[in-house]
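Chemist:
Protein chains in written order, with this note's numbering: chain Z, 16 to 368; chain R, 131 to 449.
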């Protein structure tokens, strides 16, 4: 009986998300109509650009990879009741850590080099957000402020470090990593018609699955959720809330750090000076909210989000519609996910009638 | 370089950079005092900046040199209207405040750049405005020795106005019936409703005030610092303002002071160029210092920031 109930509940969430996606596309369509652009033509181009052929699909999955990881990172902190706005900074540090390791230890054999690079990125990200966790646990310092501030510190510091220590004289980017350190492979490239699809996606899937097990099947995951739901009650029942806060922030940064690492090793192959904070961190927040913070849901939400971003590129190739329409659609979808009460209300009315 | 010149530079850059932060942080204070978390301040600032720039570009021939000032109001009004999305979502449709705020932050740059491309024939940024808020020298006050030169000569008038608005906001929040009721709605909405206060009405007004002030904040950024609109006009100032609001413990005076502190911090890398003492130090340290100082000060001297008790809680009115 209980099983059936939980199944129904999951279906309900899926139905609500589906309705939200449809509603988001309708809003985007209406806006296009108002300004005289063709919604059908643009949506077709969008779909072609993201799922139309195997190459586009590879690009969509590649673009989804870091999103999955930053979204997982945001969720785990959020499950403990923490608002980690620092995904972008943690991702940047992970990226820098991985590329630095890959460049400085390039004499190591390929697999060791890759594992070492990813671990370095993960540790950089974890330690960085761990600072915010420690301050929150022992001093009560708002993690919202510390992670916002640390985003900027990471931004300036990484730019400085890239220019000073990694880039060849006067250039704005580090040299490329060796092919053996790269997560790309001729096999995956062949499979997807030379897209930039790489092994990072598989790593992201594994992490999502591990996070699902961790949060739902393990004691520590349960403790994280307890603290998030009611900190006082959790403390009263003997859970060390300080420990939970620190662990969840460490994990949060670890995941964002891996996101930066695999994007660096698989997609960019180097690190360069950035002009603004990468928005993958903030988009990860959006994806996580879209998926109702469910690790498995995050995989699908990331692919959806990424398909809109990648497909959005072809909108402006084939028409003069401003490509920003895609972000309008994305934000409308998340808006409708947020106001799911509206749909629940409508669904309930239908059921009672 | 003369020490007084350095001080003048410090004060003026600090004021210029604080003004947008002060207003936006004050806006956030109203929203959260009423119980609605507003992480969408960044998006509201973007909308304010965009609408003010479009207004200045299109109407400066009509209004002449007062155009930027009217543009600030336009930015505020459009910001207030835009913030209604957040209000409807959180107050009426019971959305999670963080989700709704994130939507605001995603939607604003997309919508504004979209409209920019439509208005300015495909370009992602507007031309530079021809009328802007320049520096201002106070009559009479500027003639006071030393102080006059430091505080009242070629300074930022908007920043002084922002500080005055901060004091007014404090008065409104703590000395008027409206303020008391707004705070009660953010602390204990159930009790407030029992007393016949419209929880939803006050929460809407808190959000709309945050839209108004945040919109003006964004407009100030565009009218006095960036002088045009593009996707990078507002680059994190909304989040800084959010931090200033928490730093200031949800109190208008505190938020104002915190915003001035952040303004000083942001002007550090600019000022360091003028100081011979620091000529050999990498600018990176001045760039990250403000953020590190903020974290350290917050940790050592302020400790736990306590938000209004019902901040972020969805209120379901009794039937």
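Backbone N, C-alpha and C fix where the C-beta goes; we use that ideal spot for every residue, glycine too. Nothing here was measured: the structure is a model prediction, and the numbers come from that model.
With 8 Å as the threshold, decide whether the Cβ of residue 247 of chain R is near any Cβ in chain Z.
Modeler: Working through the second chain from its first residue, we reach residue 247 of chain R at position 117. Yes, contact with chain Z.
Chemist: Could you tell me the alpha carbon to alpha carbon distance between residue 238 of chain R and residue 173 of chain R, rounded to whole angstroms?
Modeler: Reading the second chain from its first residue, position 108 is the one you call residue 238 of chain R. Reading the second chain from its first residue, position 43 is the one you call residue 173 of chain R. Cα to Cα, residue 238 of chain R sits roughly 5 Å from residue 173 of chain R.
Chemist: Residues of chain Z with a CB under 7 Å from the CB of residue 226 of chain R: which are they?
Modeler: Taking the second chain and counting its residues from 1, the one referred to as residue 226 of chain R is at position 96. Those within 7 Å of residue 226 of chain R in chain Z are 353.
Chemist: Output, in chain order, the set of chain R residues within a Cβ distance shorter than 8 Å of residue 173 of chain Z.
Modeler: Stepping through the first chain from its first residue, residue 173 of chain Z is reached at position 158. Simply none; closest approach about 10 Å.
Chemist: Where in the segment 212 to 295 of chain Z do unbroken runs of the alpha helix (DSSP H), each at least 4 residues long, occur, reported from the N-terminal end onward?
Modeler: 215 to 232, 234 to 244, 246 to 251, 256 to 277
Chemist: Any C-beta of chain Z sitting closer than 8 Å to the C-beta of residue 362 of chain R?
Modeler: As a working note, residue 362 of chain R is residue 232 in the second chain. Chain Z contact via Cβ: present.
Chemist: I need the straight-line Cα distance from residue 179 of chain Z to residue 402 of chain R, nearest angstrom please.
Modeler: For the purposes of this step, residue 179 of chain Z is taken as residue 164 along the first chain, with counting starting at 1. For the purposes of this step, residue 402 of chain R is taken as residue 272 along the second chain, with counting starting at 1. Residue 179 of chain Z and residue 402 of chain R: Cα-Cα distance of roughly 20 Å.
Chemist: What do you reckon, are the CB atoms on residue 352 of chain Z and residue 86 of chain Z nearer than 8 Å?
Modeler: On the first chain, residue 352 of chain Z is found 337 positions in, with the first residue counted as 1. On the first chain, residue 86 of chain Z is found 71 positions in, with the first residue counted as 1. Contact annotation: residue 352 of chain Z and residue 86 of chain Z have beta-carbon atoms that are not nearer than 8 Å.
Chemist: Between the Cα of residue 155 of chain Z and the Cα atoms of R:444, R:448, R:426, which residue gives the shortest distance?
Modeler: On the first chain, position 140 is the one that residue 155 of chain Z refers to. Here the closest residue by C-alpha is R:426.
Chemist: Keeping to the same chain, check which residues put their C-beta closer than 6 Å to that of residue 283 of chain Z; ignore five residues upstream and five downstream.
Modeler: Residue numbering aside, residue 283 of chain Z sits at position 268 when the first chain is read from its first letter. Around residue 283 of chain Z: no qualifying Cβ.
Chemist: Taking the C-alpha atoms as reference points, what is the distance between residue 47 of chain Z and residue 53 of chain Z?
Modeler: Position 32 of the first chain, counting from 1, holds the residue named residue 47 of chain Z. Position 38 of the first chain, counting from 1, holds the residue named residue 53 of chain Z. One C-alpha to the other measures close to 6 Å.
Chemist: Compile a chain-ordered list of the residues in the segment 348 to 372 of chain R whose CB is closer than 8 Å to at least one CB of chain Z.
Modeler: 362, 365, 366, 369, 370, 372
Chemist: Run down chain Z in chain order and give the residues with a C-beta less than 9 Å from the C-beta of residue 322 of chain R.
Modeler: Translated into positions along the second chain, residue 322 of chain R becomes position 192. Neighbours of residue 322 of chain R on chain Z: none; closest Cβ ~22 Å, over 9 Å.
Chemist: For residue 130 of chain Z and residue 144 of chain R, I'd like the C-alpha separation in whole angstroms.
Modeler: Position 115 of the first chain, counted from the start, is the residue given in the question as residue 130 of chain Z. Position 14 of the second chain, counted from the start, is the residue given in the question as residue 144 of chain R. Approximately 46 Å between the Cα atoms of the pair.
Chemist: Starting from residue 256 of chain Z, find everything on chain R with Cβ-Cβ shorter than 8 Å and list it in chain order.
Modeler: Here residue 256 of chain Z refers to the residue found at position 241 when the first chain is read from its first residue. Those do not exist, as residue 256 of chain Z stays about 13 Å from chain R at its closest Cβ, beyond 8 Å.
Chemist: Report the rounded CA-to-CA distance for residue 268 of chain R versus residue 324 of chain R, giving the unit in angstroms.
Modeler: Sequence index remark: in the second chain, residue 268 of chain R carries index 138 (1-based). Sequence index remark: in the second chain, residue 324 of chain R carries index 194 (1-based). Rounded to whole angstroms, residue 268 of chain R to residue 324 of chain R spans 50 Å at the Cα level.
Chemist: Thinking residue 188 of chain Z and residue 286 of chain Z are a contact (beta carbons under 8 Å), I'd like their distance in whole angstroms, please.
Modeler: Within the first chain, the letter at position 173 stands for residue 188 of chain Z. Within the first chain, the letter at position 271 stands for residue 286 of chain Z. Yes, residue 188 of chain Z and residue 286 of chain Z are in contact; Cβ-Cβ is about 7 Å, under 8 Å.
Chemist: So, does the CB of residue 155 of chain R fall closer than 8 Å to a CB anywhere in chain Z?
Modeler: On the second chain, position 25 is the one that residue 155 of chain R refers to. No, residue 155 of chain R lies away from the interface with chain Z (no Cβ there is under 8 Å from its Cβ).
Chemist: Which term fits residue 375 of chain Z, buried or exposed, when burial requires 16 or more other beta carbons within 10 angstroms of its beta carbon?
Modeler: The first residue shown for chain Z is 16 and the last is 368, placing residue 375 of chain Z beyond what the model contains.
Chemist: From residue 245 of chain R to residue 181 of chain R, what distance separates their C-alpha atoms?
Modeler: The residue labelled residue 245 of chain R in the question sits at position 115 within the second chain. The residue labelled residue 181 of chain R in the question sits at position 51 within the second chain. Distance between the alpha carbons of residue 245 of chain R and residue 181 of chain R: 10 Å.
Chemist: If the cut-off is 8 Å on Cβ atoms, which residues from the segment 403 to 418 of chain R count as contacting chain Z, listed in chain order?
Modeler: Taken in chain order, the members of the segment 403 to 418 of chain R whose beta-carbon sits within less than 8 Å of a beta-carbon on chain Z are 412, 414, 417, 418.
Chemist: If you run the structure through DSSP and keep just helix, strand and coil, what is residue 285 of chain R?
Modeler: For this step, residue 285 of chain R is matched to residue 155 along the second chain. DSSP places residue 285 of chain R in the strand class (E or B) of the three-state scheme.
Chemist: Could you give the C-beta distance for residue 243 of chain R and residue 254 of chain R, rounded to a whole number, given that I count them as a contact under 8 Å?
Modeler: For this step, residue 243 of chain R is matched to residue 113 along the second chain. For this step, residue 254 of chain R is matched to residue 124 along the second chain. At roughly 6 Å, the Cβ-Cβ gap stays under 8 Å, so residue 243 of chain R and residue 254 of chain R are in contact.
Chemist: Between which two residues does the alpha helix (DSSP H) containing residue 82 of chain Z stretch?
Modeler: Locating residue 82 of chain Z in the first chain gives position 67, where the first residue counts as 1. Counting along the chain, the unbroken alpha helix (DSSP H) around residue 82 of chain Z starts and ends at 69 to 94.
Chemist: Taking beta-carbon pairs under 8 Å, can you tell me which members of the segment 256 to 271 of chain R lie near chain Z?
Modeler: none
Chemist: Could you have a look at residue 108 of chain R and say whether DSSP puts it in helix, strand or coil?
Modeler: This structure leaves residue 108 of chain R out entirely; chain R is present only between 131 and 449.
Chemist: When burial is assigned at 16 or more other CB atoms within 10 Å of the CB, is residue 202 of chain Z buried or exposed?
Modeler: Counting from 1 along the first chain, the entry for residue 202 of chain Z is found at position 187. Burial call: exposed.
Chemist: Helix, strand or coil, according to DSSP, for residue 266 of chain R in the structure here?
Modeler: Residue mapping note: residue 266 of chain R aligns to position 136 of the second chain, counting from 1. It is a strand residue.
Chemist: With DSSP collapsed to three states, give me the class of residue 440 of chain R.
Modeler: For this step, residue 440 of chain R is matched to residue 310 along the second chain. Residue state, collapsed to three classes: coil.
Chemist: Specify the secondary structure class of residue 385 of chain R as computed by DSSP and reduced to three states.
Modeler: As a first step, residue 385 of chain R must be located in the second chain, where it is residue number 255. Note: residue 385 of chain R maps to helix in three-state DSSP.
Chemist: Going along chain Z, which residues have a C-beta under 8 Å from residue 424 of chain R?
Modeler: Here the question's residue 424 of chain R lines up with position 294 in the second chain. The contacting residues are 160, 164.
Chemist: If I measure Cβ to Cβ from residue 215 of chain R and keep anything under 7 Å in the same chain, skipping five residues before and after, which residues do I get?
Modeler: Locating residue 215 of chain R in the second chain gives position 85, where the first residue counts as 1. Once the five neighbours on either side are set aside, the close Cβ partners of residue 215 of chain R are 234.
Chemist: Beta-carbon within less than 6 Å of residue 283 of chain R's beta-carbon, same chain only, minus the 5 sequence neighbours each way: which residues are those?
Modeler: As a working mapping, residue 283 of chain R is identified with position 153 in the second chain. Only 267, 272 meet the Cβ criterion.
Chemist: To which residues of the same chain is residue 250 of chain Z closer than 7 Å at the C-beta, ignoring the five residues directly before and after it?
Modeler: In the first chain, counting from the first residue as 1, residue 250 of chain Z sits at position 235. For residue 250 of chain Z, where only same-chain residues beyond five positions count, the Cβ hits under 7 Å are 256.
Chemist: On the CB-based measure, 16 or more other CB atoms within 10 Å of its CB, does residue 185 of chain Z come out buried or exposed?
Modeler: In the first chain, residue 185 of chain Z corresponds to position 170, counting from 1. Per the 10 Å Cβ criterion, exposed.
Chemist: Is it buried or exposed, residue 150 of chain Z, if we count other Cβ atoms within 10 angstroms and call 16 or more buried?
Modeler: What you label residue 150 of chain Z is simply residue 135 of the first chain in a count that begins at 1. Buried is the call here.
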